[in-house]
Amino acid sequence: MVRGSLSFDVAHLLAGSLVLVSFMQLYQDRLYALLNIYALHALVLAASVAWQAFVQDAPHLYLTAIIALVFKAIVIPTALHRIIVRLGIHREIETVVGVGPAMLLGMGLVALSMVVMLRVTAEADPLAREDLAFALSVVLLGLLMMVTRRNAVSQVVGFMSLENGLVLAATGAKGMPLVVEISVAFSVLIAFIVIGIFLFRIRERFDTVDVQALDRFRGERR
Amino acid sequence: MANYALYSVAVLLALAPIAVVLAASPSASNVIYSACLVVALVLCVVGVISLLGRTSSSVTLPLGLPWLGAHFRIDALAAFFMIVVNLGGAAASLFAIGYGQHEQAPERVLPFYPAYLAGMNLVVLSDDAFSFLVSWEFMSLSSWALVVAHHWEHENLRAGYIYLLMASFGTLALLLGFGLLAGANGNYAFDAIRVSHPSAALAALVLILALIGAGSKAGIVPLHAWLPLAHPAAPSHVSALMSGVMTKVAVYGFIRIAFDLLGAPEWWWSMLVLAAGGITAVMGVLYALMQHDLKRLLAYHTVENIGIIYIGLGLALAFKANGMAVAAALALTAGLLHVFNHSIFKSLLFFGAGAVLNSTGERDMEHLGGLIHRMPQTAFVFLVGCVAISALPPLNGFVSEWLTFQAILLSPQLPSWGLKFLVPAVGALLALSAALAAACFVKAFGVSFLGRPRTPAAATAHETDSNSLAAMFFLAALCLVAGVLPGIFIDALAPVTNALVGTSMPHQTGLDWLTIVPIAESRSSYNGLLVFIFVTVSGSIAALGIHRLASDKLRRGPAWDCGYPDSSPVTQYTASSFAQPIRRVFGTTVFRAREIGEMPAPGATAPARLTVELHDLIWDYGYAPIAAFVGGAADRLNVLQFLTIRRYLTLVFAALVVLLLVLAIWP
Amino acid sequence: MMRDYLFQGLQMLLVLLLSPLLTGLVRKVKARLLRRQGPPLLQPYRDLVRLMRKDVVLAENASWLFRAIPYIVFAGTWVAASLVPTFASGLLFSWSADLIALVALLGSARFFLALAGLDVGTSFGGIGSSREVMIASLAEPAMLMIVFTLALVAGSTQLSAIAAHMVSGEVGLRVSLGLALLGLIMVAIAENGRIPIDNPATHLELTMVHEAMVLEYSGRHLALIDLSSELKLVLYISMIGCLFTPWGIAPPNGSATEIAIGIGSYIAKLTLGGFLLAVFETSIAKMRVFRVPAFLGAALMLGLLGTLLLFVSGSL
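First to last, the sequence lines map onto chains R, E and P.
For the first sequence, numbering that gives the first Met the number 0 begins at 0 and goes up steadily by one.
For the second sequence, numbering that gives the first Met the number 0 begins at 0 and goes up steadily by one.
For the third sequence, numbering that gives the first Met the number 0 begins at 0 and goes up steadily by one.
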């Protein structure tokens with residue numbers, strides 16, 4: 000791949016947009032908006048994977064892109080939408096850490112992942128290195144989202160965006176077999192179903208899904 | 000040359016006892032300050048001749064340690080700092096000829112002022128560690144005496160106490176540093192230190208000690224706590240000297256150690272200096288924004304500018320360590336130019352604050368207002384100072400900031416990953432501090448000089464005397480000259496950078512239209528003169544054109560105020576209210592700023608109250624615990640004062656037995 | 000040589016004459032989107048002439064600084080606008096002030112305007128000035144980080160050099176440029192006081208920033224300040240145009256057809272920019288004052304991220 004060529008640039012642009020959308024997720028405090036941003040996240044992921052499929056001439060990646068588009072951009076957000084309406088929490092606003100410090104931490108994590116990835120993979124292919132760096136940023140930002148949110152649904156969204164980052168890393172590294180993609184996607188689906196069931200049980204039992212409130216019922220006192 | 004300098008310093012030292020004798024007479028202040036003015040001008044000329052003539056001269060006097068003597072030298076770096084110190088000193092002496100007439104305790108100020116000037120000059124001239132440290136302590140002690148001159152105010156005494164503590168701490172760090180540099184043989188002369196090559200660990204330790212020692216005197220966060228207490232407490236011309244000049248002498252100390260005496264730097268030293276500089280810059284200006292005492296605001300702002308200087312120095316160290324000499328010259332020139340610029344406009348601003356204090360008796364901005372009508376000339380020069388310090392073109396503050404930004408833009412070429420991480424963050428902090436500085440000075444000028452007078456003292460202010468005004472106008476003119484003709488100053492700094500990093504910036508004078516081109520024409524250039532001309536010409540064209548062609552009629556009427564005019568001047572914005580949005584955005588995390596409003600129930604006659612709480616976190620978590628610990632330890636040890644005779648004898652006996660044991664076991 | 004002077008003069012005149020027209024266009028499009036007729040396109044010109052002919056009514060305690068500030072603000076903004084390449088790059092005096100100096104020049108204009116708000120000593124002026132410096136304390140660093148990103152891509156801080164680099168096609172679609180574009184649009188909205196930061200058509204105290212600072216101005220002073228804000232809008236749209244959509248700009252010493260294409264493409268970019276601004280302003284609500292720091296903080300982060308990416312890797 001020639002440096003500075005168009006395919007290079009478009010791949011970077013899409014990976015960079017994914018990082019940007021992860022930042023936008025950190026910024027959101029209303030659940031509907033968060034779900035819409037997550038749908039956008041999955042859409043950008045699908046575009047990125049489709050572009051990689053085009054550039055690497057690997058048709059099975061198109062399938063990955065379609066799975067990302069259909070399941071993650073359409074089905075899951077709609078399902079989560081219905082869940083939060085049934086849980087009755089669609090009007091809540093919640094963060095643990097304020098927006099400002101969360102964004103600063105996010106910046107620091109992106110800088111860290113850039114420096115680490117570019118340093119560690121000094122001999123690898125330039126296109127893959129930088130995409131890997133962006134992918135690691137997306138993973139770290141997903142983790143940050145899980146850590147800084149109180150609402151269990153937001154934590155689930157963080158978990159899913161983390162998985163998107165993993166998919167980006169795998170496609171960027173050239174040659175992710177379809178079987179890996181399917182198994183990863185199924186495990187996420189199972190995890191998601193289990194989480195959904197638990198959310199409903201917790202809600203029925205305790206009337207809330209606020210994890211800080213749930214701590215009180217664990218019996219551990221500090 | 001060095002001879003003349005030393006003679007002049009001797010004259011200054013002689014003036015001190017003369018001032019003690021003369022202190023009672025009414026013309027004493029005139030005589031002493033005029034003499035100081037003349038001597039400072041002579042020293043400044045000596046510095047200029049040495050710098051431009053690119054000569055270096057040295058003198059050794061048979062004072063001090065018998066096997067060492069006292070070495071003094073004027074090389075390029077010392078000449079530059081001599082100019083900075085004595086220009087500030089001359090301006091302060093001129094200002095004081097007028098200001099000193101109102102001094103309530105001249106016998107406490109007049110003897111120490113020439114001694115202070117002498118001390119600062121001696122630090123810059125010293126060429127061996129012993130005379131350096133002695134002069135440094137002498138400088139600290141004479142300025143301490145000036146800080147506590149108005150001893151009837153309790154806060155001045157507290158300020159002096161903390162100042163003395165921090166100064167001693169700084170000198171201790173420098174003492175250790177020089178001791179490590181001199182080695183076991185005690186080679187204190189700088190020449191001997193330059194040729195000795197310390198090991199990497201030792202050099203790093205010396206740098207850290209220099210950063211702590213010189214940095215605490217300069218005002219690096221977190222060692223800055225004494226600065227905003229001590230600088231405002233002194234009389235205004237001394238505050239100008241402390242903020243504008245003494246901090247620069249501290250920067251001189253750091254540059255002398257880090258760039259000259261330590262030899263080739265390691266790249267990671269620059270990370271320490273850059274981080275310190277960046278944090279200092281932002282914290283300094285945030286503290287300044289929360290103040291409503293004019294002199295304390297200016298003192299905190301000095302901290303910010305020291306941060307900017309250290310950012311330039313850190314970049315220079317990074318470039319020097321990586322062998323990029325031209326870039327190092329650019330960064331070092333940016334730092335040194337900011338040293339010069341800051342000493343000028345900070346002195347100007349402190350003089351303005353002193354003039355206001357003289358006329359109104361108030362330092363608190365919330366008791367001022369409308370002074371632009373009562374003190375028009377002071378207001379004008381203070382405005383020039385505010386525009387210069389906010390780094391706005393075409394004045395001089397912008398030039399040094401611009402050069403620092405150009406140095407930052409050269410940094411991607413640095414190979415180390417830590418710097419690639421740190422330099423963009425420091426660049427963002429620098430940009431943030433520049434924007435906040437402009438906000439700070441809109442507040443300082445707007446609340447004190449504009450608007451309506453908030454107290455009778457402000458309403459009946461009068462203009463200051465002509466000597467003070469002369470000093471201020473001179474400094475304002477210098478701000479403009481340094482802003483529109485920066486090439487001259489950059490070229491004058493060439494010998495300094497040559498000596499410290501091995502090369503200098505490209506020659507600036509002689510370029511078309513007096514532009515400055517720091518790196519290459521294709522990269523960037525700036526022409527302050529043209530910008531100034533363009534702005535003045537377009538403004539004048541607009542004014543003339545509109546007055547001729549449209550209308551030039553003017554009527555006066557009451558203020559519109561959206562139809563709700565309020566005759567009480569208390570309803571206009573105060574300093575705290577002006578800073579409220581910024582306090583809410585930045586102060587909530589940095590200072591744990593909270594606004595507590597107490598509203599009585601409707602119908603109750605009790606007044607409503609709004610309290611703003613600010614916590615100085617560095618004091619609460621840094622200084623206060625240390626002070627508490629020292630106090631606690633001292634209380635415990637105090638028991639030793641009250642032992643019985645038998646217990647004292649036991650102590651002596653135990654010490655003797657331990658020493659004999661050591662002697663027995665020692666191999 | 001003569002030609003260069005002529006072009007510089009033409010640029011200065013062009014931005015001055017086009018700025019009220021751009022404001023008129025924006026107002027007209029906003030009105031049409033709200034199903035109103037809206038004022039005629041040339042109305043801002045008429046407003047300026049009308050204001051210039053009126054007497055100035057000054058508050059009794061306004062100072063000489065208050066009277067001088069409109070001229071200072073206008074001069075600063077006009078000089079800055081004259082240095083942004085519009086239809087031709089390689090302006091005669093573009094080397095006298097680079098992008099950093101331009102940002103600082105706009106900063107001085109804002110400094111003086113904030114002082115004007117405090118001069119008469121009313122609480123409205125104080126509100127405007129304090130909010131304006133809060134917005135500036137975040138918008139200016141964001142702008143500087145964006146300038147750094149552009150300078151690191153193009154290897155220079157001179158606007159003409161950056162524009163020439165962008166036109167030359169060696170650039171490609173870089174991530175850091177995308178971030179810089181987004182950040183510049185956010186900063187441009189904040190600096191020009193458009194919705195969602197400030198409402199240029201309001202006189203309610205809760206929603207004012209710029210209008211509160213200039214509340215006491217009247218007559219020719221107010222005309223100059225209005226003209227300065229219009230010039231600032233043209234400046235920012237020209238800047239975005241020449242940095243991110245530089246196609247059509249005539250090279251230095253271009254032929255007459257290239258110049259004509261340059262002027263045509265510039266007018267097209269202004270029209271498109273004005274139209275998009277009007278659509279954006281109509282489709283979004285104004286933010287509460289204390290949500291503005293989050294908005295501008297995001298712009299600062301975008302600039303910082305762009306700079307960081309360029310420090311870390313030359314091809315991003």
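The C-beta atom is built at its ideal place from N, Cα and C for all residues, glycine as well.
Remember, it's a predicted structure, so these values are computed and weren't measured experimentally.
Reduced DSSP category for residue i - H, G, I as helix; E, B as strand; rest coil
i                      : result
residue 249 of chain P : strand
residue 196 of chain P : coil
residue 286 of chain E : helix
residue 83 of chain P  : coil
residue 594 of chain E : strand
residue 221 of chain R : Any reading at residue 221 of chain R is ruled out, since the residue's pLDDT is 49, under 50, leaving its predicted position unreliable.
residue 304 of chain E : helix
residue 1 of chain R   : Only weak support exists for where residue 1 of chain R lies, its pLDDT of 44 falling under 50; the value from the coordinates is given anyway. Coil at residue 1 of chain R, not helix or strand.
residue 127 of chain E : strand
residue 526 of chain E : coil
residue 71 of chain E  : strand
residue 33 of chain P  : coil
residue 104 of chain E : coil
residue 188 of chain E : strand
residue 612 of chain E : strand
residue 176 of chain E : helix
Residue burial classification, residue i (beta-carbon count within 10 angstroms, cutoff 16)
i                      : result
residue 637 of chain E : exposed
residue 97 of chain P  : buried
residue 608 of chain E : exposed
residue 0 of chain P   : exposed
residue 129 of chain R : buried
residue 153 of chain E : exposed
residue 188 of chain R : exposed
residue 40 of chain R  : buried
residue 216 of chain E : buried
residue 252 of chain P : exposed
Closest by C-alpha distance to residue i, when choosing among the options
i                      : options                    : result
residue 66 of chain P  : P:141, P:27, P:114         : P:114
residue 181 of chain P : P:100, P:149, P:163        : P:149
residue 138 of chain E : E:154, E:156, E:112        : E:112
residue 545 of chain E : P:89, P:34, P:52, P:91     : P:52
residue 0 of chain E   : E:11, E:53, E:36           : E:53
residue 226 of chain P : P:16, P:242, P:308, P:62   : P:16
residue 484 of chain E : E:290, E:563, E:340        : E:340
residue 394 of chain E : E:122, E:462, E:474, E:369 : E:474
residue 323 of chain P : P:73, P:294, P:48          : This structure cannot speak to residue 323 of chain P, because chain P is shown only from 0 to 315.
residue 205 of chain E : E:181, E:217, E:223        : E:181
residue 195 of chain P : P:250, P:125, P:292        : P:292
Give the list of continuous alpha helix (DSSP H) stretches no shorter than 4 residues that lie fully inside the stretch 98–132 of chain R. 98–119
Does the structure place the stretch 185–204 of chain E close enough to the stretch 239–250 of chain E that three or more beta carbon pairs sit under 8 Å? no
Between the stretch 128–148 of chain P and the stretch 216–226 of chain P, do three or more beta carbon pairs fall short of 8 Å? no
Tell me whether the stretch 195–207 of chain R and the stretch 22–41 of chain E touch, counting them as touching only if at least three CB pairs, one residue from each stretch, are closer than 8 Å. no
Mind the definition here: the stretch 100–116 of chain R touches the stretch 10–27 of chain R only if three or more C-beta pairs lie below 8 Å; say whether that holds. Using a C-beta cut-off of 8 Å, the stretch 100–116 of chain R makes contact with the stretch 10–27 of chain R, since at least three inter-stretch Cβ pairs fall below that distance.
Scan the stretch 215–280 of chain E and note each continuous alpha helix (DSSP H) run of 4 residues or more that stays entirely inside, going in chain order. 226–232, 235–240, 246–254
Evaluate the contact criterion for the stretch 145–161 of chain P versus the stretch 90–104 of chain P: three or more CB pairs, one atom per stretch, below 8 Å. yes
At least 3 beta-carbon pairs within less than 8 Å: the stretch 448–457 of chain E vs the stretch 356–369 of chain E: yes
Three or more beta-carbon pairs under 8 Å between the stretch 328–348 of chain E and the stretch 415–434 of chain E, yes or no? Too few Cβ pairs lie closer than 8 Å, so no.
Flag this pair as touching only if the stretch 377–393 of chain E and the stretch 328–338 of chain E have three or more C-beta atom pairs under 8 Å; answer yes or no. no
Answer yes if the stretch 198–214 of chain P comes into contact with the stretch 171–185 of chain P, meaning at least three C-beta pairs across the two stretches below 8 Å, and no otherwise. no
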